[in-house]
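Enquirer: Our numbering numbers the first residue of the sequence shown as 900 and each following residue consecutively. Virtual Cβ for every residue (Gly too), placed ideally from N, Cα, C. Bear in mind the structure is a predicted one, so any value in this text is a computation, not a measurement.
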Amino acid sequence: MRIEFKKVTEKNIEDILKLKVKDNQKTFIESVPECLKEATEKSCWRPVGIYDEDILIGFAMYCFWKEDQHVWMDRFLIASEFQGKGYGSAVFPQLLKKIESEYQCSEIYLSVFKDNAAAINLYEKNGFHFNGEKDIKGEDVMVLNLRQSVVL
């Protein structure tokens, strides 16, 4: 695997808009079109396509949220046809390093539905823990302290 993160541009947006998760995962994450609409409405968002070599395999979106002064890894998905092949475990730590590098942050926040066991497992394996808070949509908040955790 040679993972790359590429900004969403006119060149790749059509392919990125076609990314889908499995039907049983649709309640866990907004669709890519919804994410990109949100990114145009709030300029802090950084949407990226996730590639293995030149093959688009997923999408992520993150930002520094001024309202709470936190860096949020808000969206992360591996397209349905690439799930179960080790991409989530390979990509997620690299995404965290990218976010840490871009923002020089000491913590990264995310939110997750309690019944999204696969995502929670991935997040916990990468050092995230629940902090007892909920986000504005009622999802449970997890945080990664980069100064205490070792990202694999």
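What alpha helix (DSSP H) runs, 4 residues minimum, are completely inside the stretch 905 to 955?
Expert: Whole alpha helix (DSSP H) segments, 4+ residues: 912 to 916 and 931 to 940.
Enquirer: Are the beta-carbon atoms belonging to Glu-980 and Val-1011 less than 7 Å from one another?
Expert: Against a cut-off of 7 Å, the Cβ pair of Val-1011 and Glu-980 comes out as no contact.
Enquirer: Go to Asn-1020, then tell me how far its alpha helix (DSSP H) extends in each direction, as first and last residue.
Expert: Segment 1016 to 1024, the alpha helix (DSSP H) holding Asn-1020.
Enquirer: Would you give the residue range spanned by the beta strand (DSSP E) that Glu-999 belongs to?
Expert: Taken as a continuous stretch (DSSP letters only), Glu-999 belongs to no beta strand (DSSP E), being part of the alpha helix (DSSP H) at 986 to 1002.
Enquirer: Could you give the distance in angstroms between the alpha-carbon of Trp-944 and the alpha-carbon of Ala-938?
Expert: Trp-944 and Ala-938: Cα-Cα distance of roughly 5 Å.
Enquirer: Within its chain, find whatever has a CB closer than 8 Å to the CB of Asp-953; leave out the 5 residues flanking it on each side and keep chain order.
Expert: Closer than 8 Å at Cβ, skipping near neighbours: no residue.
Enquirer: For Phe-975, does the three-state DSSP call read helix, strand or coil?
Expert: Strand, per DSSP.
Enquirer: Taking Ser-1002 as the reference, which of Ala-959, Trp-964 and Asp-922 has the closest Cα?
Expert: For the record, residue 1002 in the displayed sequence is Tyr; it is not Ser. Residue Trp-964 is the option with its Cα nearest to Tyr-1002.
Enquirer: Starting from Met-1041, follow the beta strand (DSSP E) in both directions and report where the run begins and ends.
Expert: Here the beta strand (DSSP E) through Met-1041 covers 1039 to 1044.
Enquirer: Measuring straight from C-alpha to C-alpha, what distance separates Asp-914 and Leu-1043?
Expert: Spanning the two alpha carbons is a distance of roughly 31 Å.
Enquirer: Considering only the beta carbon of each residue, do Ala-959 and Leu-994 sit closer than 7 Å?
Expert: It is a contact, given that the beta carbons lie within the stated cut-off.
Enquirer: The beta strand (DSSP E) that contains Phe-1029, what's its start and end?
Expert: Run containing Phe-1029: 1028 to 1033, per the beta strand (DSSP E) assignment.
Enquirer: Counting C-beta neighbours from all protein chains within 10 Å, is the total for Pro-932 16 or more, i.e. buried, or is it exposed?
Expert: Per the 10 Å Cβ criterion, exposed.
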